[in-house]
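First up is the structure itself, then whatever we jot down about it.
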Amino acid sequence: MRLLLVEDDPRTADYIVRGLTEAGHVCDLLRDGHDGLFAATRNAYDVIIADRMVPGLDGLSMIKAVRAAGIHTPAIFLTSIGGVDDRVEGLEAGGDDYLVKPFAFSELLARIHALGRRPAAQEQKTALRVADLEMDLIQRRVTRQGQPIDLQPREFSLLEVLMRGEGRVITRTMLLERVWDFHFDPKTSVVETHISRLRAKVDRPFDVPLIHTVRNTGYSLHVPA
């Protein structure tokens with residue numbers, strides 16, 4: 002497997018890299034969270050191993066940013082911060098596993114192998130396409146019929162949720178949770194307002210509408226029959 006290790010402690014980093022190389026894997030080592038984020042969003046890795054306390058950008062924020070970019074490469078936090086709340090925070094940030102230092106290398110290797118055996122459906126998706134609408138999740142770019150569409154960050158996130166759910170009804174509640182992180186109904190028209198803006202950019206300049214309202218339920222993005 003090709004692995005990304007983000008670890009700033011020289012002894013720990015050298016120990017892990019040597020062990021992974023001896024086990025037959027290729028391991029890219031970076032010591033800064035910003036560099037780790039850049040590498041994770043530019044290269045295809047099988048597993049990311051990240052310390053939470055690294056310079057530049059901490060490991061927690063790095064993995065959050067990786068997930069926000071639509072990259073689902075399995076990630077293990079390897080850290081000395083081992084409280085229950087810390088573990089929960091790591092998993093909620095997008096981590097798939099959490100291993101506390103000091104650790105046994107054999108356990109780390111076993112966990113890497115377990116994550117690496119996940120089915121292909123778990124692998125990262127860097128582009129979405131519905132008909133002539135395309136979204137590049139790495140470059141954060143949207144085009145339709147080859148024409149660039151300028152979207153604000155929230156509009157981009159909203160369109161991404163709709164495109165990932167192509168053909169399915171995405172409820173207003175689901176959009177509030179996934180795009181705005183609201184786990185309650187704020188009783189505002191924020192969803193409707195953003196859908197209207199999105200339609201003005203994605204649908205109106207083109208012949209075929211893709212964003213459809215499902216009455217009293219939500220929205221669906223698909224090519225009309």
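Each residue of the sequence shown is one higher than the one before, starting from 2 at the first, in the numbering used here.
Beta carbons are placed, not taken as given, at the ideal position from N, Cα and C, and that holds for glycine.
{"query": "Within 10 angstroms of its Cβ, does I64 collect 16 or more other Cβ (buried), or is it exposed?", "result": "buried"}
{"query": "Under the rule that 16 or more other beta-carbon atoms within 10 Å means buried, what is G95, buried or exposed?", "result": "buried"}
{"query": "So, do the region 182-191 and the region 126-133 have three or more beta carbon pairs nearer to each other than 8 Å?", "result": "no"}
{"query": "Taking the alpha helix (DSSP H) that S1 falls in, what are its first and last residues?", "result": "Given that the chain is displayed from residue 2 to residue 226, the structure contains no residue 1 and the question cannot be resolved."}
{"query": "Which runs of the alpha helix (DSSP H) fall wholly inside the region 25-87 and span at least 4 residues, in chain order?", "result": "34-43 and 60-69"}
{"query": "Specify the secondary structure class of A121 as computed by DSSP and reduced to three states.", "result": "Legend: pLDDT at A121 = 43, less than 50; position of this residue unreliable, value from coordinates given subsequently. Helix."}
{"query": "Since L134 is in the beta strand (DSSP E), which residue starts that stretch and which ends it?", "result": "L134 to D137"}
{"query": "If I'm right that V48 touches T74 with Cβ under 8 Å, what's the distance once you round it to whole angstroms?", "result": "7 Å"}
{"query": "Could you tell me which residues DSSP puts in a beta bridge with G219?", "result": "T172 and V215"}
{"query": "Taking Y220 as the reference, give the member of P206, D208, F207 and L199 with the closest Cα.", "result": "L199"}
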